[in-house]
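Chemist: This is the structure, below, for whatever I ask next.
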Amino acid sequence: MTTDPTTIEAVNTADASDAAAVRPALVTGADGRARCAWSASDDEYRRYHDEEWGRQLRDDRALFEKLCLEGFQAGLSWITILKRRPAFREVFHGFEVERVADMTEADVERLLGDARIIRHRGKIEAAIGNARVTRELGESLAELMWGFAPTADDRIRPAAFADIPAVTAESTALSKELRRRGYRFVGPTTMYALMQSAGMVDDHVEGCWRAA
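With the sequence shown counted from 1, adding 2 to any position gets you this note's numbering.
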């Protein structure tokens, strides 16, 4: 994961913990709203924070997209993925599981030549392989993933970046189960980022207008 302290992924790295401890938890925008400070570094981040991050997703297609994009993000900043998301959606057929699962080696080679996305063979192949695993699940991907979400009663709202973990027992358990089923690029840190993004946990800091 990136250690750039201006991005959300900085929260999810051990090396960023010192920076997180001294950074302000909130910033107030021109609209007068207090937001998690990571959202201030880019307009796209602010939109993502306000409209998407932490909102509950229980749709299989949307969660499959999250799973794929979090895998592509590994080792990079999330803004890198966010700005390429329209292209990812185009080349991966809107992340429709059946269509991605049917992609071939010729498609992999084609995507490796597409500069609009992350041209990493392992990640491209993992997205296709993960679609094939999802197709054969025999159950809802949403039901599987949400089965590992902690209850709200088990969590305390973070007051500062230093209060936000990189990994939890639940993300570790989810990672282990997905790997057992054949998924790739689903490590515990990546799965915690997905849990944050998909609203399985609510890590908007105390005082953020989005804090429930």
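Don't be surprised by glycine CBs; every beta carbon is placed ideally from N, CA and C.
1. Can you list, in chain order, the residues of its chain with a C-beta nearer than 7 Å to that of H206? Leave out the 5 residues immediately preceding and following it.
2. Got a sec: is the Cβ-Cβ distance from R182 to anything in chain B below 9 Å?
3. Can you give the Cα-Cα distance for S43 and S173, rounded to whole angstroms?
4. Can you give me the Cβ contacts of M202 inside the same chain, cut-off strictly under 6 Å, excluding the 5 residues immediately before and after it?
5. Could you tell me which of L28, V102, R121, D104 sits nearest to E111, measuring between CA atoms?
6. Here's the rule: buried if 16 or more other CB atoms are within 10 angstroms of the residue's CB, otherwise exposed. What is I158?
7. Does the Cβ of G73 have 16 or more other Cβ atoms within 10 Å, making it buried, or fewer, making it exposed?
8. Just verifying my parser: in three-state terms, what is the DSSP assignment at K36?
9. Which residue comes first and which comes last in the alpha helix (DSSP H) that contains L180?
10. Please report the distance separating the alpha-carbon of F1 from that of K125.
11. By alpha-carbon positions, which one of W80, K85, V135 ends up nearest to D104?
12. According to DSSP, is T153 part of a helix, a strand, or is it coil?
13. Using the beta-carbon count (16 or more within 10 Å), is K68 buried or exposed?
14. Is R48 buried or exposed, if buried means 16 or more other CB atoms sit within 10 Å of its CB?
Modeler: Reading from the atomic positions:
1. Taking the sequence shown and counting its residues from 1, the one referred to as residue 206 is at position 204. These residues qualify, in order along the chain: C38, G56, R212, A213.
2. The displayed structure is made up of one protein chain only, and chain B is not part of it.
3. As a first step, residue 43 is located in the sequence shown; it is residue number 41 there, counting from the start. As a first step, residue 173 is located in the sequence shown; it is residue number 171 there, counting from the start. When the Cα atoms are used, S43 and S173 turn out to be separated by approximately 27 Å.
4. To locate residue 202, count along the sequence shown from 1; it is residue 200. Hits under 6 Å: A151.
5. In the sequence shown, the residue the question calls residue 111 occupies position 109. Ranking the options by Cα distance to E111, first place goes to R121.
6. Within the sequence shown, residue 158 is the residue found at index 156, counting from 1. Its Cβ having fewer than 16 others within 10 Å, I158 is exposed.
7. Residue mapping note: residue 73 aligns to position 71 of the sequence shown, counting from 1. Burial is judged here by how many other beta carbons sit within 10 angstroms of a residue's own beta carbon; G73 has at least 16 and is buried.
8. Within the sequence shown, numbered from 1, the residue matching residue 36 stands at position 34. Note on identity: in this sequence residue 36 is Ala, with Lys being the wrong assignment. It is a strand residue.
9. By one-based count along the sequence shown, residue 180 stands at place 178. Counting along the chain, L180 sits inside the alpha helix (DSSP H) bounded by residues 171-183.
10. Within the shown structure, residues of the chain are numbered from 3 to 214, placing residue 1 beyond reach of any answer.
11. For the purposes of this step, residue 104 is taken as the residue at position 102 of the sequence shown. In terms of Cα proximity to D104, the closest of W80, K85, V135 is V135.
12. For this step, residue 153 is matched to residue 151 along the sequence shown. Three-state result, T153: coil.
13. Locating residue 68 in the sequence shown gives position 66, where the first residue counts as 1. Buried, by the Cβ-count rule.
14. By 1-based counting over the sequence shown, the position of residue 48 is 46. R48 is buried by the Cβ-count criterion.
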